[in-house]
Amino acid sequence: MSRFQVVSGKGGTGKTTVAAALALALAAEGKRTLLVEVEGRQGIAQLFESEALPYEERRIAVAPGGGEVHALAIDAERALLDYLQMFYKLGSAGRALKKLGAIDFATTIAPGVRDVLLTGKACEAVRRKDKKGRFVYDHVVMDAPPTGRITRFLNVNDEVAGLARIGPIHNQAQAVMRVLKSPETAVHLVTLLEEMPVQETADGIAELRAAELPVGRVIVNMVRPHLLDEEALLTVSGARRKEIAKTLTRAGVTGAAALVRPLVEQAAQHAQRVSLEREQRAVLAGLGLPTAELPLLGDGVDLSALHDLAAELRKQGAGEEVGS
Amino acid sequence: MTLGPDVAPGLDTDALLDDRDIRIVVCCGSGGVGKTTTAAALGVRAAERGRRAVVLTIDPARRLAQSMGIDRLDNVPRRVEDIDGANGGELHAMMLDMKRTFDETVEAHTDAARARAILENPFYQSLSAGFAGTQEYMAMEKLGQLRARDEWDLIIVDTPPSRSALDFLDAPKRLGSFLDGKFIRLLMAPAKIGGRAGMKFLNVGMSMMTGTLGKLLGGQFLQDVQTFVSAMDSMFGGFRTRADATYKLLQAPGTAFLVVATPERDALREAAYFVERLAAEQMPLAGLVLNRVHDSGASRLTAERALSAAENLEEGGIVDHTTGKAGLSDPVDPAGVSPEAVGTPLPPDGRDTPTASPDANETGHDQGETEDRSQEEPDDEDAAPASAAYSVEQLTAGLLRLHAERMQVVAREKRTRDCFTALHPEVAVTEVAALPGDVHDLTGLRAIGDRLAAGPASAPAGAA
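Just so you know, the protein sequences line up as chains L and F, in that order. Residue numbers are given in the UniProt record's numbering: position 218 of the first sequence equals residue 218, and the series is strictly consecutive. Residue numbers are given in the UniProt record's numbering: position 388 of the second sequence equals residue 388, and the series is strictly consecutive.
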């Protein structure tokens, strides 16, 4: 099972929710998971209804069976200062660099440095061991940048290794790349059963594969229940509408005659969506990846809903695959 | 639909598009809310209402781009064919190519030899190819360029799918603070004094600094950066001036921001943040475009009542009672038996004629009474061939369950939206009803345009 699980997806598909649910799912049965966020949006804190996450790993949830989810919002600037301190004992020089604007430069302007720091910090957590030589975290789950940027984001270390051809940054970049391209890593893509997100998912997978990054599975989020199939709806025409009006009245609905038309209209829209969803499922099936499906939650995602989604992911075996 | 006590003012999209003083419309919002589609639909509508418009899209979905005929990424505005030019308008559209925009900026603002040195610099090549941030700078640069050409009287801009939707606002400032910083002068210093030989003239602090950086980054990298920075030196001033000018342009009265969102918590939270930020930056907000809003023509029937009726049909005696008879398929004249249930006969298209509605004598009756009466009535299955698979009770229960789901969605969206309206009652809103599928062509964009212009009262036809 891949220890580093990266969750990406088109904007609006709910990748933060899926990442959090996956972290909970992987923490079941006494495991420890680290959930990391890299885009500075504090999405995890909002989801777990906690205050803003500091740059510090802290426990935010307990999973069934005594497992724990820890969370960390990675901040590029702090990560850079950490590095300077950790590897080069440059605490004071770090402060001097900051004064000069070098840290700003490195984390906002310099190409890729920011992304190197973010992926580097996550990989450090993946590889970190305690004194007894056991991994501190069984899994690290990253709420990653969206599909359109994910390959570039993960692959940035390759680029940086090319730019900084020698020296510690070069070595660091290469070490990160080794983790990212190994079966230790799986990149999951979250999508909806809609055309644009599915197209973007297909494109994203092609890019990841071209960059030799291990693709995990496609997670279809916000799947709506199919309450009525199209065949049934095809029968709703003409004379049947009269029967429906009668049946509505029998079932206790007042003013049934006026309701039939809008109800049937809604059903027709539903049928159209079901048929579009079927097309998109076929496209996803053609990608040849394992998938998982999560239901649409009527009332938004709160903590208990997050646990439900985690249980659903466990049931579907998400997170168990090794990168392909 | 009604919006409760806090009814936001309606956004008059057509008035905005028709206002000749408005020269720039910026569509912003979080990812996945339909910014690009909105920008494209506004462009089509503006052009067909007589504006000479150009749409600058950042990262359009392929089929949306194809719908405007701009599937080629060549960084040049292309005329969109099949726009109705009867009102004298036209539409151009383009897709931003970051690297090309960056390259062109370099070429336009420095001499050929220096431009080549920059374009060949490995640091520059990485920077321009699209690391976080570059897209925002280049979107601003391109917007400035389009505005300066003055060929269009309306520029509609889509914003990059950033980490934070506000990155593009910050881009000029960030560039400015970097250029004003000591660090860049430090980086430039050795090259200015005379390349590598100049290093020895640096004071001790500075050489320690560059030494540290060299150690970290590798000497070659640092040298690439220094070469790049010094080659760019002559351009930075212009870069900065233009970025500042574009920023000011965004604050000017000729600009209108449209915040785009969907009626979901995260998207509206981001939208609220955006509204506050635009106010803080003194940027003119025209209103909120709320995409993919659901409504129901049968909203009179609540989710609870629809579900309980569905349960009546599925679990109660009614289903047993009637399915038993369904197989018999003996046609009974429906009009004769149950005036209450059948009411006015429905024309084939199902449009009801409310004049003869049976509602009147039902108001105030409790459900039990209706139910009792209906159970006395004989079934009137008309034995349509397709009804073999689904009894009318199953169908009706399905319709009711679908309706209940729809009503729950409507209620949730309304709650989310009310939260936003309570925070920002001053923001004008237009709603775009949800479409079942994606938009692929000009017809689809026109349909979205119609909905954008119809404003918040754009309830679907057939509302009861």
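All residues carry an ideal CB built from backbone N, CA and C; glycine is no exception. These numbers come from a predicted model, not from an experiment.
Of the residues the options, the one placed nearest residue i, counting alpha carbons only
i, options, result
"A422(F)", "R269(F), R406(F), V432(F) and Q125(F)", "R269(F)"
"V223(L)", "Q199(L), V190(L), V160(L) and A206(L)", "V190(L)"
"L313(L)", "A27(L), G12(L) and G9(L)", "A27(L)"
"E56(L)", "P64(L), L47(L), E243(L) and A76(L)", "A76(L)"
"Q66(F)", "E81(F), A53(F) and V54(F)", "E81(F)"
"A243(F)", "A256(F), R147(F), M140(F) and H294(F)", "M140(F)"
"F102(F)", "L452(F), T134(F) and M68(F)", "T134(F)"
"A61(F)", "D138(L), E195(L), A21(L) and A73(L)", "E195(L)"
"L294(L)", "A61(L), A282(L), V218(L) and I44(L)", "V218(L)"
"A256(L)", "A306(F), D438(F) and S230(F)", "A306(F)"
"E279(L)", "E311(F), G437(F) and L146(F)", "G437(F)"
"D97(F)", "A40(F), M68(F), P160(F) and A113(F)", "P160(F)"
"A428(F)", "G31(F), A272(F), T227(F) and D18(F)", "A272(F)"
"residue 467(F)", "A261(F), E120(F), A453(F) and L301(F)", "Since the first residue of chain F shown is 1 and the last is 464, residue 467(F) is not available in this structure."
"A71(L)", "L97(L), G65(L), P64(L) and V38(L)", "V38(L)"
"W152(F)", "A245(F), R20(F) and T262(F)", "R20(F)"
"M1(L)", "H139(L), I44(L) and L303(L)", "H139(L)"
"T241(F)", "M68(F), S391(F) and G144(F)", "G144(F)"
"Q282(F)", "E311(F), R265(F), K248(F) and R292(F)", "K248(F)"
"I44(L)", "P64(L), K31(L) and L22(L)", "L22(L)"
"P253(F)", "P284(F), G32(F), A454(F) and A453(F)", "P284(F)"
"V275(F)", "R51(F), R23(F) and C27(F)", "C27(F)"
"E315(F)", "E393(F), A108(F) and K35(F)", "E393(F)"
"E243(L)", "L227(L), R261(L) and H226(L)", "R261(L)"
Where residue i meets chain L, residues with beta-carbon distance less than 8 angstroms
i, result
"P436(F)", "Q269, Q272, R273 and L276"
"D74(F)", "Within chain L, no residue comes near D74(F); the closest Cβ sits about 20 angstroms away, beyond 8 angstroms."
"D224(F)", "L163"
Within chain F, partners of residue i - CB distance below 9 angstroms
i, result
"P295(L)", "Going along chain F, no residue has its Cβ under 9 angstroms from P295(L), so there is no contact; the nearest lies around 12 angstroms."
"A21(L)", "Chain F residues near A21(L): none, gap ~15 angstroms exceeds 9 angstroms."
"E49(L)", "Per Cβ cutoff of 9 angstroms: no residues; E49(L) is ~13 angstroms from chain F at best."
"I244(L)", "V392, L395, T396 and L399"
"G288(L)", "Going along chain F, no residue has its Cβ under 9 angstroms from G288(L), so there is no contact; the nearest lies around 21 angstroms."
"R78(L)", "Correct list: empty, because the minimum Cβ distance to chain F is about 16 angstroms."
Start and end residues, alpha helix (DSSP H) containing residue i
i, result
"R59(L)", "Careful: R59(L) lies outside any alpha helix (DSSP H), inside the beta strand (DSSP E) at R58 to A63."
"S8(L)", "That residue, S8(L), is in no alpha helix (DSSP H); its beta strand (DSSP E) goes F4 to G9."
"V126(L)", "V113 to R127"
"Q174(L)", "P168 to L180"
"I448(F)", "L442 to A454"
"residue 467(F)", "Within the shown structure, residues of chain F are numbered from 1 to 464, placing residue 467(F) beyond reach of any answer."
"M138(F)", "T134 to R149"
"V18(L)", "K15 to L26"
Where the beta strand (DSSP E) through residue i begins and ends
i, result
"F257(F)", "T255 to A261"
"S299(F)", "Note, S299(F): premise wrong, no beta strand (DSSP E); not H, not E."
"A71(L)", "G67 to A73"
"H92(F)", "E90 to M95"
"G287(F)", "L285 to V293"
"A53(F)", "R52 to T57"
"A161(L)", "No beta strand (DSSP E) contains A161(L), which is instead part of the alpha helix (DSSP H) from T147 to L163."
"E426(F)", "Segment: none, E426(F) is in no beta strand (DSSP E) and carries neither H nor E."
Strand pairing of residue i, partner residues [DSSP]
i, result
"F274(F)", "Per DSSP, none; premise fails for F274(F)."
"P295(L)", "V223(L)"
"H139(L)", "T33(L)"
"I24(F)", "I155(F) and T255(F)"
"residue 327(L)", "The structure shown does not extend to residue 327(L), since chain L is modelled only from 1 through 324, so no value can be given for it."
"R79(F)", "H92(F)"
"T191(L)", "V220(L)"
"G10(F)", "V429(F)"
Where residue i meets chain F, residues with beta-carbon distance less than 8 angstroms
i, result
"Q199(L)", "A61, R62 and R63"
"Q266(L)", "S296, G297, A298, L399, L402, H403 and R406"
"K10(L)", "G31 and G32"
"I159(L)", "With the sequence shown as reference, residue 159(L) is identified as Glu, and Ile is not the correct amino acid for it. Result: S126."
Within chain F, the residues that residue i reaches when beta carbons sit closer than 7 angstroms
i, result
"L263(L)", "A298, L399 and H403"
"I74(L)", "None at all; the shortest Cβ gap to chain F is about 12 angstroms."
"G120(L)", "Per Cβ cutoff of 7 angstroms: no residues; G120(L) is ~13 angstroms from chain F at best."
Residue i: CB within 8 angstroms of a non-hydrogen atom of the ligand NAP
i, result
"L143(F)", "Because no ligand of any kind appears in the structure shown, any question about the ligand NAP cannot be addressed here."
Partners in chain L for residue i, counting only beta-carbon separations shorter than 7 angstroms
i, result
"N291(F)", "Result: empty, since nearest Cβ-Cβ is about 10 angstroms, beyond 7 angstroms."
"N312(F)", "A251 and G252"
request  = Could I get the ranges of all uninterrupted alpha helix (DSSP H) runs contained in the region 209-271 of chain L, with 4 residues as the minimum, in chain order?
outcome  = 230-234 and 239-250
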